[in-house]
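Trainee: The structure that follows is given in the form of structure tokens.
There are 2 protein chains.
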Amino acid sequence: MQRDSEKTRQRILTGLEKLITREGFIGVGVNAVAREAGVDKVLIYRYFGSMEGLLKAFADEKKFCPRLKDLFDDMPEGTPLHEIATRIVIEHARALQNSPLAQELVCWELTELNPLTVLFGKEMEKGELKALADRGIIPDDDVVTLSVIVLCGLQYLILRGRNNNPMMDIDYSKPEIRKKVEKVIASMMKAFFEAGEGSL
Amino acid sequence: MQRDSEKTRQRILTGLEKLITREGFIGVGVNAVAREAGVDKVLIYRYFGSMEGLLKAFADEKKFCPRLKDLFDDMPEGTPLHEIATRIVIEHARALQNSPLAQELVCWELTELNPLTVLFGKEMEKGELKALADRGIIPDDDVVTLSVIVLCGLQYLILRGRNNNPMMDIDYSKPEIRKKVEKVIASMMKAFFEAGEGSL
DNA sequence: ATTGTATATCACCATGCGGTGACACTGGGT
DNA sequence: ACCCAGTGTCACCGCATGGTGATATACAAT
């Protein structure tokens, strides 16, 4: 074995990542990670203290949070609020769709709290809030509440799709369905926004 | 021990139910169920063949699906479509909120497919479709798509709330938050519906 | 009362888990 | 050359799990 502690640490961390991605968060444990990383499990204790420590380190050091495409590029000045909100939500969903690891973490977060799931949740939330704030959307606006609900809905649908278990035939991985869903959300946001303009 | 096979069967089934409700679906297994039911685990194999068989029997024989309050009572003739959709979604969320067992099953369904989660999912879906169809809402309407998305969003928020891990401070178990969310959904539905009337 | 069958109990197995102690190697500082 | 801290290997423990075979008990039919 190569005698390089830093390399070994990394092997363990990426072992954890591969394991979660391939097998899901259930069954993640010291033995499984060590096996996946091709490393004796005692090294996990040596370098991370415990499984909890490993999860925390993973949360701290890995960039597991799906990166949102920078939306400023193709959103011209003066884009209406509802289009911005729509874009953020849909872009977020796309990012999640493309990251099996993130999907697994979102699901894990619903099941159990541990250093990884907690930090992951905070990270996601921070990203959301930033995306909104960067575009001047006030956090306690009704538009935000609505966006969060819809976003959660898409997350749920994506999670359902993972196991080929779509909800009400809404399989978000199918492009035509996604198109339809995105269209509905867009027009809903528009309607909500314009109605709000008048009634508030 | 009382020698009554039917009673023992029931003890096992309600043992499973109590176990899931109290401890969550993780860790559900032959040993745990037998312990909870105060029964030798060999009886599980005798009566249900396997853990899978027990799950299937549980899905078949227990009424775990949260019952929707009958909405016909206080919905007068001619209630507009968006109010109907809103009511269905919100009522569904309320039912889920009041059933820790159902919450656990919804979460389980996102994690793993087994006879119980699959049958549970079908049951829920059937309930949804019926609630919609009973009120003359066509399944492939955009209103349905939107309703499903919002419903999924609420389900997700409720699941997040379980472990005191609210999403974006939207803790759906808090009445004032729920009120606000319901209000947003109602006005959104109204706006979407009315906009649709004009544009379609 | 005897027998037979359904029911319940017990003891056990192999496996996998989290966790730990003892040992072996490697390489750099003195 | 020696030592020693850092690193990796191995063997082991206690425990819980899923699963099974042999045995004891209750009860109903004869």
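Those protein sequences? They're chains A and B, same order as listed. Just so we're aligned: 41 in numbering that gives the first Met the number 0 is position 42 of the first sequence, and the numbers increase by one with no gaps anywhere. Just so we're aligned: 107 in numbering that gives the first Met the number 0 is position 108 of the second sequence, and the numbers increase by one with no gaps anywhere. Where is the CB? At the ideal position from N, CA and C, for every residue including glycine. Computed from a predicted model, the values in this text were never measured in an experiment.
#1: So, is the C-beta of A:I19 closer than 8 Å to a C-beta in chain B?
#2: Would you say the stretch 141-148 of chain B touches the stretch 77-89 of chain B, given that touching needs at least three Cβ pairs under 8 Å?
#3: Under 8 Å Cβ to Cβ from B:L199, same chain only, skipping five residues before and after it: list those, please.
#4: Measure the Cβ-Cβ separation of A:N164 and B:G120 and say whether it is below 8 Å.
#5: Leaving out the 5 sequence neighbours to the left and right, which residues in its chain are closer than 7 Å to A:I43 when beta-carbon positions are compared?
#6: Hey, how far is the Cα of B:D170 from the Cα of B:D59?
#7: Cα separation between A:A101 and A:L95?
#8: Evaluate the contact criterion for the stretch 65-75 of chain A versus the stretch 35-51 of chain A: three or more CB pairs, one atom per stretch, below 8 Å.
#9: Would you please verify whether the beta carbon of A:L199 is less than 8 Å from any beta carbon of chain B?
#10: Of all the alpha helix (DSSP H) runs that stay within the bounds of the stretch 45-89 of chain A, which reach a length of 4 or more residues?
#11: Between B:T13 and the rest of its own chain, which residues show a CB-CB distance below 8 Å, the 5 nearest in sequence each way excluded?
#12: Which residues in the same chain as B:S172 place their Cβ atom closer than 6 Å to its Cβ, once the five residues preceding and following it in sequence are excluded?
#13: Relative to chain B, which residues along the stretch 59-91 of chain A have a C-beta separation below 7 Å, given in chain order?
#14: Would you mind stating whether B:E124 and B:T116 have Cβ atoms separated by less than 8 Å?
#15: Beta carbons nearer than 7 Å to chain A: which residues of the stretch 1-28 of chain B have them?
#16: Is the separation between the beta-carbon of B:I184 and that of B:V149 shorter than 8 Å?
#17: By the criterion of Cβ-Cβ separation under 9 Å, what are the contact partners of A:R159 in chain B?
#18: To the nearest angstrom, report how far apart B:N113 and A:F63 are at their CA atoms.
#19: So for B:I169, helix, strand or coil by DSSP?
#20: Taking any Cβ of chain A, which residues in the stretch 168-181 of chain B have a Cβ under 7 Å from it, in chain order?
#21: Please classify B:R8 as buried or exposed, where buried requires at least 16 other C-beta atoms within 10 Å of its C-beta.
#22: Is the CB of A:L112 under 8 Å away from at least one CB in chain B?
#23: Please check if any C-beta of chain B sits within less than 8 Å of the C-beta of A:D141.
#24: What are the boundary residues of the alpha helix (DSSP H) that B:Q278 is part of?
#25: Where does B:E122 sit, in a helix, a strand or coil, going by DSSP?
#26: Between the stretch 127-140 of chain B and chain A, which residues of the former have CB atoms less than 8 Å from a CB of the latter, in chain order?
#27: Quick check on this structure: which residue in A:K55, A:G135, A:D39, A:G26 has the alpha carbon closest to the alpha carbon of A:S4?
#28: Out of A:K178, A:K61, A:K6, which one is the CA nearest neighbour of A:E16?
#29: Just curious, the alpha helix (DSSP H) that B:V271 is in, first and last residue?
#30: Compare the C-alpha of B:L131 against each of B:F192, B:V88, B:E22 and name the closest.
#31: Closer than 8 Å by C-beta to A:Q154: which residues in its own chain qualify, once you throw out the five before and the five after it? Chain order, please.
#32: By the 10 Å Cβ neighbour count, where 16 or more other Cβ atoms means buried, how is B:I19 classified, buried or exposed?
#33: How is the alpha helix (DSSP H) around B:L12 delimited, first residue to last?
#34: Is the shortest distance between the beta-carbon of A:Q154 and the beta-carbons of chain B less than 8 Å?
Mentor: The structure says:
#1: Not closer than 8 Å to any Cβ of chain B, the Cβ of A:I19 fails to qualify, so no.
#2: yes
#3: Residue confidence is low: B:L199 scores 47 on pLDDT, short of 50, so the model does not pin down where it sits. Its coordinate-derived value is still stated next. Cβ within range, chain order: n/a, list empty.
#4: yes
#5: I11, V29, V32, A33, L53
#6: Spanning the two alpha carbons is a distance of roughly 33 Å.
#7: 6 Å
#8: no
#9: The pLDDT assigned to A:L199 is 47, lower than 50, so where the model puts this residue is not dependable; a value taken from the coordinates is nonetheless given after this. For A:L199, the answer is no, since every Cβ of chain B falls outside 8 Å of its Cβ.
#10: 50-60
#11: A36
#12: G160
#13: none
#14: no
#15: I25
#16: yes
#17: E108, L109, G120, C151
#18: Distance between the alpha carbons of B:N113 and A:F63: 29 Å.
#19: Three-state DSSP puts B:I169 in a strand.
#20: I169, K179, V180
#21: buried
#22: yes
#23: yes
#24: What the structure shows of chain B is the stretch from 0 to 199, and residue 278 of chain B is not part of that stretch, so it cannot be assessed.
#25: helix
#26: Cβ contacts with chain A: E127, L128.
#27: A:D39
#28: A:K61
#29: With chain B running from 0 to 199 in the structure shown, residue 271 of chain B is simply not present.
#30: B:V88
#31: Here A:Q154 has A92, L95, V105 as same chain residues with Cβ atoms under 8 Å from its own Cβ, once five neighbours each way along the sequence are excluded.
#32: Counting Cβ neighbours within 10 Å, B:I19 comes out buried, since at least 16 surround it.
#33: 4-22
#34: yes
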